[in-house]
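Mapping of the sequence shown onto the working numbering: position 188 corresponds to residue 783, and the numbering continues sequentially without gaps. Note that CB positions come from ideal geometry on N, CA and C, so glycine has one too. Bear in mind the structure is a predicted one, so any value in this text is a computation, not a measurement.
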Amino acid sequence: MTRPLRVLLVEDIPDDQELVERELRRGGFEVSCHRVQSAEEMRAALEPGAWDVILSDYRLPGFDAPAALELLRDSGLDIPFIVVSGSVGEFEGEEVMKAGARDYFSKALLTRLPVAVAREVEQARLRHERARAERDRNLLARAGEVLAGSLYLQETLDKVARLPVPELADWCAVYFSEDGRHLRVASLAHEDPEQVERAFELDRLFPLEPEAPSGPAYVFRTGEPRVVPDVSPERLEAVARSPEHLRRLLALELRSFVHVPLVGRMGTLGVVTLGITGKTRPRFTEADLPVVQELVRRAALTLENVRLYRESQEAIRLRDEFLSVAAHELRTPLTTLGLQLGTLVQRARRESSPEMVERLDKGLRQVKRLGSLVETLLDVSRLSTGELSLTLEGVDLVELVREVLERFAAESRAMGCALRLEAARELVGQWDRMRVEQVVAGLVSNALKFGARQPVDVRVVSDGVVARVVVEDRGIGVPEEQLERIFERFGRAVSSRSYGGLGLGLYLARRGAEAHGGRVWAESRPGGGARFTLELPLRAAGKTVEEST
């Protein structure tokens, strides 16, 4: 079976070319030979991936094998170089071997040439495959790192475009479809910014036609990748829509390209096109397709995640909008209902109806509870839009904590929890009374909920710089991995079916503390339960602090 062999022959005698070709055919090669006779011709012929071997006479008029080797070194190409000459002796042979030749032969020993060529071509192939595999591994590893943190569409598209340049291609264009039909150039990458500008201008003047019989639009419709090893002027002329379109296509200097569809779980998202210009790298072949497809597959997964993230953000926005509207709508009737129940309680007391007073009191407590929930929802919506503000005043933190504990006295008795306070006589700072009260109440409520039938200890302390309120329970505790999650919006460490609640109390507590320049954190308590600490600075910079998200 014959093996194809592409030979660049540095030779000035046509008869010697026939001699070399005949011997290689006898050795089992199907020879494709291009002969050059000067440095200029050789420089023009040197192209990545174009030749399997270079066979060179030792001496030509105005040119020789050492000069040819120097040209090869300057090109950076790894092509086996073998000297075949009637005038090469041992000294000349050693010199060219030192200069980088793989072997040398006298024309009297041409029968040995096919074996040497086969050996060198195979070794070169193995070197190229190892280099390609190493390049592909590094590229895909970097792709994982680069794409991992992408959550925004344009940022991700730009990262996808930059990934293969310049390791794999000179050009990368990412075509993306918002409607599943029309493709747009979403991102371009090239080492020359002027070329990127030209390409964007080309897309603006001559956008892709959805029904185009070739190119990205065709690949988008069919889902089939396309490799175009050679981009000839004739090919560009066939797809150009006008002389100006052709001029701009030629200005991109494309020699080879590959189109691969971006296929996600829900369908084709777009197309990634890689292009090669100049003579710095070999043209694309089918062998390049697997790594490009794997790169594009990873990009498609990331883009799918971006889409899901966008959808989730939109869902959150709609939820927050609903919470805000619902809370405002509930506020007015609840206020009216509370006032009416309060009036009925006073009337029942005047008419000496203890049973009616008790029932109305229960109803009034439930209305207040609903009102507190509505205010919580409003605070969440304010935080989402950055509207939460603080009005600072002189506040005695010890007195505030005592008032909160008194409010929870009935609830703590019902749950079998003793509320114990340890505090100095007073501790005054500049804070927003309502917000600090809300934070302390949230911590105490949380301790009662998860530490039922066990005492809850509350301490108010200060080191002169910050004030701290420490709330300790002896309940179920918080797993180490959940200590931060419980402060997230709607975050919880246990099932809502078991303990109820919206998962907003600790979230609002932390945001209220942070609005003051303080903090709230949780720890596992030795012996069981949890310890929550509110820390507030004793000095405030101003009278109003805007909370931003």
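- When the Cα atoms are used, L925 and L742 turn out to be separated by approximately 44 Å.
- Taking a C-beta distance under 8 Å as the contact criterion, G933 and Q1033 do not qualify as a contact pair.
- Put simply, the backbone Cα of L797 is about 8 Å away from that of L844.
- Per the coordinates, the alpha-carbon of P885 lies some 18 Å from the alpha-carbon of A768.
- Residue pairing by DSSP places H854 opposite R821, T868 in a beta bridge.
- Taking E642 as reference, the option from R876, P609, V887 with the minimal CA-CA separation is R876.
- Under the 10 Å beta carbon count, Y770 is surrounded by 16 or more other beta carbons and is classified as buried.
- For S772, the three-state secondary structure derived from DSSP is coil.
- By the neighbour-count criterion, in which 16 or more other beta carbons inside 10 Å mark a residue as buried, I911 falls on the exposed side.
- The secondary-structure analysis by DSSP pairs V780 across a beta bridge with Y770.
- DSSP, read as helix, strand or coil, puts I674 in coil.
- Rounded to whole angstroms, the separation of the alpha carbons of V755 and R697 is 40 Å.
- In this structure, E1017 is the residue among G1112, L987, E1017 with its C-alpha nearest to the C-alpha of V993.
- Within the same chain, no residue comes within 8 Å of E829 by CB-CB distance, once the 5 residues on both sides are set aside.
- Segment contact: the stretch 1001-1018 against the stretch 1049-1060, three or more CB-CB distances shorter than 8 Å; contact assigned.
- Counting of Cβ neighbours within 10 angstroms places N1041 among the buried residues, the total reaching 16 or more.
- Nearest Cα to E762 within the set A784, G622, G775, V780: A784.
- For H840, the enclosing alpha helix (DSSP H) has its first and last residue at 838-846.
- In the assembly as shown, V834 is an exposed residue. Its beta-carbon has fewer than 16 other beta-carbons within 10 Å.
- When the alpha-carbon of A1104 is set against those of L1129, S851, G1122, P820, the nearest one is in L1129.
- Take the alpha-carbon of R720 and the one of A738: they are about 26 Å apart.
- Straight-line measurement puts the Cα of T868 at about 15 Å from the Cα of T817.
- In terms of Cβ geometry, L758 and L890 form a close pair [threshold 8 Å].
- Close CB contacts of G1011 within its chain, under the 6 Å cut and outside five residues either way in sequence, are with R1048 (chain order).
- Pairing V615 with L650 gives a Cβ-Cβ distance under 8 Å.
- If you keep only unbroken alpha helix (DSSP H) runs of at least 4 residues inside the stretch 660-725, you get 660-670, 685-694.
- Around the beta carbon of T938, a 10 Å sphere encloses fewer than 16 other beta carbons of the protein chains shown; the residue is thus reported as exposed.
- Cα atoms of R620 and V626: separation of roughly 7 Å, rounded to the nearest angstrom.
- CA-to-CA, the gap between V853 and G1072 works out to about 58 Å.
- The residue from K874, S745, V791 with its alpha-carbon nearest to that of G644 is K874.
- Secondary structure at G1024: strand, using DSSP grouped into helix, strand and coil.
- A straight line joining the alpha-carbon of L704 with that of V679 spans about 9 Å.
- Annotated three-state conformation of P1132 is strand, per DSSP.
- Secondary structure at F658: strand, using DSSP grouped into helix, strand and coil.
- At the C-beta level, P820 and S851 stay beyond 8 Å of one another.
- For F1127, the CB contacts under 6 Å within the same chain, skipping 5 residues up- and downstream, are L1038, V1066, A1117 in chain order.
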